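With the working numbering, you'll find the sequence shown wraps up at 241, consecutive numbering, no jumps.
From the three backbone atoms N, C-alpha and C, an ideal C-beta is built for every residue, glycine too.
Just so it is clear, the structure is predicted and the values come from calculations on it, not from any experiment.
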Amino acid sequence: MRESAARVSVWAQPALLRLLRSVRGIDEIFPLHRGEPAIARDVDVEVMELPHVFRSTVQTLPADVPYLRAPAADRPRLDDGDLHVGIVWKCGDWAPERSIPVELLEPLTQISGVMLHVLQRGSGLDERPPGFGVVSGSDDILEAARTIASLDLMISIDSMPAHLAGALAVPTWTLLQAKADWRWMDERTDSPWYPTMRLFRQQQEGDWRSVVAEAAAELRRMAGQP
Numbered sequence: 016m017r018e019s020a021a022r023v024s025v026w027a028q029p030a031l032l033r034l035l036r037s038v039r040g041i042d043e044i045f046p047l048h049r050g051e052p053a054i055a056r057d058v059d060v061e062v063m064e065l066p067h068v069f070r071s072t073v074q075t076l077p078a079d080v081p082y083l084r085a086p087a088a089d090r091p092r093l094d095d096g097d098l099h100v101g102i103v104w105k106c107g108d109w110a111p112e113r114s115i116p117v118e119l120l121e122p123l124t125q126i127s128g129v130m131l132h133v134l135q136r137g138s139g140l141d142e143r144p145p146g147f148g149v150v151s152g153s154d155d156i157l158e159a160a161r162t163i164a165s166l167d168l169m170i171s172i173d174s175m176p177a178h179l180a181g182a183l184a185v186p187t188w189t190l191l192q193a194k195a196d197w198r199w200m201d202e203r204t205d206s207p208w209y210p211t212m213r214l215f216r217q218q219q220e221g222d223w224r225s226v227v228a229e230a231a232a233e234l235r236r237m238a239g240q241p
């Protein structure tokens with residue numbers, strides 16, 4: 016977009032401003048509020064309209080990552096072989112079909128050499144079983160981004176942290192329900208939006224066990240276990 020405009024101004028939610036300052040090509044950022052932005056402009060476009068404006072195709076999607084940047088947080092290392100893996104299992108109540116009952120994620124806790132970092136926030140955090148990972152999340156999006164940037168892998172349902180990890184170019188496994196959002200397309204195990212992302216899909220609606228089993232098997236291999 017920067018190549019097509021003399022100046023780019025972004026009007027965004029206040030919680031996003033510190034993180035968005037890391038995006039190249041933005042000249043100025045203003046906090047979103049009710050009413051009209053007090054910004055002199057020739058064109059006003061919503062971010063979700065940009066693919067239409069630029070007539071984007073799968074081949075031309077701007078997938079140069081990372082386009083968000085955050086300094087990685089310090090993470091404890093138990094030994095040189097540890098994998099630090101983030102986990103998110105529940106989204107907002109408006110889309111319960113995207114969420115995984117946390118007890119189904121138990122196979123991930125049985126893999127040695129893996130340190131699970133709970134990035135879950137909101138009501139899902141109250142469902143965390145005792146001893147399930149370490150709580151490393153934050154309601155501050157920049158701090159959450161710093162934690163994600165420090166990980167070896169992010170595992171998430173279809174939620175904001177999955178998009179954040181993909182934009183940060185962190186290796187990401189996104190666990191999807193059978194009838195997933197259109198942006199994940201159909202029958203793909205990759206995402207043209209995020210080159211570092213892998214998709215794990217339900218083959219039957221509501222069957223999260225097989226999705227978790229597939230992810231656990233892959234994580235076991237990643238950790239060097241048979």
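| Item | Value |
| --- | --- |
| What did DSSP end up calling residue 123 once you bin it into helix, strand or coil? | helix |
| In the DSSP output, what is residue 239 paired with across the bridge? | The partner list for residue 239 (beta bridge, DSSP) is empty, contrary to what the question assumes. |
| Whole angstroms is fine: what's the gap from residue 222's alpha carbon to residue 115's? | 10 Å |
| Given this structure, state the Cα-to-Cα distance separating residue 47 from residue 38, to the nearest angstrom. | 17 Å |
| State yes or no: is the C-beta of residue 45 nearer than 8 Å to some heavy atom of the ligand ATP? | Only the bare structure without any ligand can be found here, which leaves the ligand ATP out of the picture. |
| For residue 48, which of helix, strand or coil comes out of DSSP? | coil |
| For residue 69, count the other beta carbons within 10 Å of its own beta carbon; 16 or more makes it buried, fewer makes it exposed. Which is it? | exposed |
| The alpha helix (DSSP H) that contains residue 163, what's its start and end? | 156-164 |
| Express the C-alpha separation of residue 44 and residue 190 in angstroms, rounding to a whole number. | 33 Å |
| With residue 156 and residue 185 assumed to form a contact (beta carbons below 8 Å), what rounded beta-carbon distance in angstroms separates them? | With 8 Å as the limit, residue 156 and residue 185 do not qualify as a contact, their Cβ atoms being about 15 Å apart. |
| Report, in whole angstroms, the separation of the C-beta atoms of residue 103 and residue 209, which I expect to be a contact under 8 Å. | Residue 103 to residue 209, Cβ: 15 Å. No contact. |
| Could you tell me which residues DSSP puts in a beta bridge with residue 129? | 98 |
| Quick one: what's got a C-beta closer than 8 Å to residue 27's C-beta in the same chain, skipping five residues either side? | 35, 44, 45, 46 and 47 |
| Would you kindly work out how many angstroms separate the C-alpha atoms of residue 42 and residue 49, rounded to a whole number? | 22 Å |
| Cβ of residue 132 within 9 Å of Cβ of residue 117? | no |
| Let me check one thing: in DSSP terms, what residues is residue 212 bridge-paired to? | 187 |
| Since residue 27 is in the beta strand (DSSP E), which residue starts that stretch and which ends it? | 24-27 |
| Grouping DSSP H, G and I as helix and E and B as strand, with all else coil, what is residue 171? | strand |
| I need the DSSP call for residue 141, collapsed to helix, strand or coil. | helix |
| What residue from 204, 138 and 165 has the CA that sits closest to residue 151's CA? | 165 |
| Could you please give the first and the last residue of the uninterrupted alpha helix (DSSP H) stretch that includes residue 66? | 65-68 |
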